[in-house]
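*Asks:* Here the UniProt record's numbering is used: position 260 in the sequence shown is 260, and no number is missing along the way.
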Amino acid sequence: MLAGRLNVKTREFAMVDVPVPEPARDQVRIKVAAAGVCLSDVHLIDGTLGLGRENTVTLGHEVAGTIDALGAEVTGWQPGQRVILQAGERNPSGRMLTRGVDYDGGWAEYALATATTLVAIPDSLPFDQAAIIPDAVSTPWGAIVETANVRPGQAVGVWGAGGLGAHGVQLLRLVGAAPIVVVDPLPAARERALALGADVVLSPTDADFGQRMWAETDGAGLSAAFDFAGVTAVRDQAVGCLGAGGRLVLVGLSGQPFTVADSTAFSFLQRQILGHYGYQPGAVEQLVGLARRGRLDLSGSISDVLPLAQAADAVARLQSKEGNPIRLILRP
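1. Quick check on the burial criterion: 16 or more other C-beta atoms within 10 angstroms. Buried or exposed for residue 213?
2. Take the Cβ of residue 62 as the centre, count every other Cβ of all protein chains shown within 10 Å, and call the residue buried at 16 or more, exposed below.
3. Please classify residue 88: does DSSP put it in a helix, a strand, or coil?
4. With 16 as the cutoff for other CB atoms within 10 Å, does residue 282 come out buried or exposed?
5. Please name the residue in 192, 181, 185 whose C-alpha comes closest to that of residue 215.
6. Run through the DSSP bridge pairs and tell me what residue 58 is partnered with.
7. Report the rounded CA-to-CA distance for residue 29 versus residue 165, giving the unit in angstroms.
8. Strictly by DSSP, which residues pair up with residue 132?
9. Here's the rule: buried if 16 or more other CB atoms are within 10 angstroms of the residue's CB, otherwise exposed. What is residue 289?
10. Mark residue 56 as exposed unless 16 or more other C-beta atoms lie within 10 angstroms of its C-beta, in which case mark it buried.
11. Write down the C-beta distance between residue 286 and residue 142 rounded to the nearest angstrom, noting that I regard them as a contact closer than 8 Å.
12. Measure the alpha-carbon distance for residue 152 versus residue 174 and round it to whole angstroms.
13. What did DSSP end up calling residue 127 once you bin it into helix, strand or coil?
14. Just how far apart, CA to CA, sit residue 178 and residue 149?
15. Which term fits residue 13, buried or exposed, when burial requires 16 or more other beta carbons within 10 angstroms of its beta carbon?
16. Would residue 46 be called buried (16 or more neighbouring beta carbons within 10 Å of its own) or exposed?
17. In the structure shown, what three-state DSSP assignment does residue 155 receive?
18. Quick one, which of 211, 140, 295 has its alpha-carbon nearest residue 125's?
19. Between residue 48 and residue 102, what straight-line distance do the alpha-carbon atoms span, to the nearest angstrom?
20. Measure the C-alpha to C-alpha separation of residue 199 and residue 231 and round it to an integer number of angstroms.
21. Do the CB positions of residue 246 and residue 224 come within less than 8 Å of each other?
22. How is the beta strand (DSSP E) around residue 274 delimited, first residue to last?
23. For residue 25, tell me which candidate among 38, 315, 252, 113 has the shortest Cα-Cα distance.
24. Measure how close the beta-carbons of residue 314 and residue 37 come, nearest whole angstrom, since I'm counting them as under 8 Å.
25. Determine, using beta carbons only, whether residue 307 and residue 327 come nearer to each other than 8 Å.
What follows is the structure, given as structure tokens:
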């Protein structure tokens, strides 16, 4: 079968032929129907993010498809069922392992998954939309409802309206945050944020940025600010927009140091900086339910669909932000 493999040592990415994998006793084999291309995949290839493997790995942590074969001990599932795969799982020691990072992912014609990581999806949810729920949708969902504990009526800021931030806007509106202020340097991204439900959009370089931010929050500042970009300048700006007790949630990964310039004011106002990664158990099931009942519309999230063989082109397009994509999908 065809698979998108990354050589961990050389950072060389290539589409290669590999054997179709056989499921272990507790695994299922999935015939992949759609796999998302995430900025994290780009960073794995360019070396910004480290890998847990020592040799090569098939990328792709956003995967949807149908069950193709069952391991000997798997019960409760049948071939042909439509499923998405959780983006990771814990090993026996409790360490979280990520699909497409610590073990082979879904940029392939077939993928293996432990049966406990499967989530059934309804026929009404297209594979392209379902595939992006683990990570592109569930990561901002976890940041909002778990890490930041956003409540209705709280003022929030979103820095970066790309693959994570665009869904963050939708989900913040779903939980009743208000106002939702989106900050992005790209005019097209700001327009998109408005269409998705933002109340206010700002450029980070606006001459009256601070004045407008505080005016929109009635002088109280933000209850929560989300860095979906993973950029130090974003974090510097966002922390200064927090009100008393405000939380800055670091969702975008940067690997760079971050310094609080005025630690006295930070402490006096009891502000917080919170790290976030992934999502809590049950989040994917919640989001599938919201999509099934029409509370969450992901139809506008799929910017383009490319053949699996063109994975390298998809990576280049995402890296250059060609067309300002939310999510690109690979289809075997």
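Built from N, CA and C at the ideal position, the CB exists for glycine as well.
Computed from a prediction, not measured in an experiment: that's the story for all the values here.
*Replies:* For this structure:
1. buried
2. buried
3. strand
4. exposed
5. 181
6. 5
7. 32 Å
8. DSSP lists no partner for residue 132.
9. exposed
10. buried
11. Not really, about 10 Å apart at Cβ, beyond 8 Å.
12. 9 Å
13. helix
14. 14 Å
15. buried
16. exposed
17. coil
18. 295
19. 16 Å
20. 23 Å
21. yes
22. 272-275
23. 113
24. 5 Å
25. no
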